[in-house]
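Numbering (this note's numbering), first residue to last: 310 to 637.
We put the CB at the ideal spot given by N, CA and C, even for glycine.
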Ligand code: ASP
């Protein structure tokens, strides 16, 4: 009996400390949001806007955005999967959470088992864009230019497993063309090179491309959604479906994650704060201006977020395999 009591005491102490930690959360220790892509890109923009919107609901906590970029977003995701599960290290990631398991073999973490799902943040369309100097001004001319320049075209992306990688691969598959992939650690720097003409084409989130399209720093040819967008700079851009490209419909999403084992009470506090952030008019306005739609449905709940990512894994896995675009 004495032995049992002795072995239970440390457990009880640990449980009390855990509960106290959850009660105080976030306390004075800063919260680091890991972005698995370069600074200045679309995931980075969403994370920085979200960090701002989370500050108040998290009692004025200090939120730091840290870019752990590379390997198509898997370096940063792995860092969070292995981080201390106390709510002070979080991850903002996109559709890569659903496509990486099929696109990239041997990722060093398990998307379904190594994270606590905190809630979905937004849905974001993608656009097919080019450097400003190509002679094409519409889809038909783009196709003709691609055919005339076979073997010479460079396609920027954020590495294997990223959204731009997936979109670029589907684009090549749909068009029956091969382009040379130029991987970056995020589409922030890829966009700089596209504007400068070092690369030719890219498919990227509207959160990164809208400003450049508006400023005529790049040319836009299509949006990847089934309906046209309402954002002023993008409302005249045709959908791929209108252009006759079938089965090529991508809307990506961003979600908030914590390492597996983060106490339920802490996840609840983070989720409560996320829900408030997603109602913040400034945050909504910023996202809408960039063509993104802030989540306003049940996917903001952790269980529904997880269910949604699972459904996206199931949706993309056969399409990726069918298109044969995965990487060994
Ligand atoms: N847009 C990038 C991607 O293609 C990621 C980023 O830089 O945020 O996945």
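Subject >> Contact set for residue 459: own chain, Cβ-Cβ below 7 Å, skip 5 residues either direction >> reply: 486
**OP:** Would you mind stating whether residue 440 and residue 468 have Cβ atoms separated by less than 9 Å?
**Re:** no
Original post:
Straight-line CA distance for residue 526 to residue 589?
Top reply: 31 Å
Subject >> 7 Å CB neighbourhood of residue 599 in its chain, flanking five on each side removed >> reply: 515, 516 and 519
Original post:
With DSSP run on the structure shown, which of helix, strand or coil describes residue 423?
Top reply: coil
**OP:** Examine the ligand ASP and report whether any of its heavy atoms sits within less than 8 Å of the Cβ of residue 346.
**Re:** yes
Subject >> Residue closest to residue 604, alpha-carbon to alpha-carbon, out of 351, 564 and 573 >> reply: Closest by alpha carbon: 564.
**OP:** Could you tell me how far apart the beta carbons of residue 416 and residue 410 are, in whole angstroms, since I believe they sit closer than 8 Å?
**Re:** 7 Å
Subject >> Per DSSP, cross-strand counterpart(s) of residue 455 >> reply: Answer is none; residue 455 lacks a bridge partner.
**OP:** Kindly examine the ligand ASP and report whether one of its heavy atoms sits closer than 8 Å to the Cβ of residue 520.
**Re:** no
Original post:
For residue 337, which of helix, strand or coil comes out of DSSP?
Top reply: coil
Original post:
So is residue 595 buried or exposed if we call it buried at 16+ other beta carbons inside 10 Å?
Top reply: Burial call: buried.
Original post:
If you draw a straight line from the alpha carbon of residue 524 to that of residue 574, how long is it in whole angstroms?
Top reply: 45 Å
Original post:
Cβ-heavy atom distance between residue 351 and the ligand ASP below 8 Å?
Top reply: yes
**OP:** Under 8 Å Cβ to Cβ from residue 319, same chain only, skipping five residues before and after it: list those, please.
**Re:** Note that residue 319 scores 47 on pLDDT, short of 50, meaning its location in the model is unreliable and no value can be drawn from it.
Subject >> Opposing strand residues paired with residue 462 [DSSP bridges] >> reply: DSSP, once it has assigned bridges, lists no residue as partnering residue 462.
Subject >> Spatial distance of residue 587 from residue 362 (CA atoms) >> reply: 8 Å
Original post:
In the DSSP assignment, what are the bridge partners of residue 436?
Top reply: Looking at the DSSP assignment, residue 436 forms a beta bridge with 513 and 532.
Subject >> residue 398 to residue 446 span [Cα, whole Å] >> reply: So the alpha carbons of these two residues sit roughly 45 Å apart.
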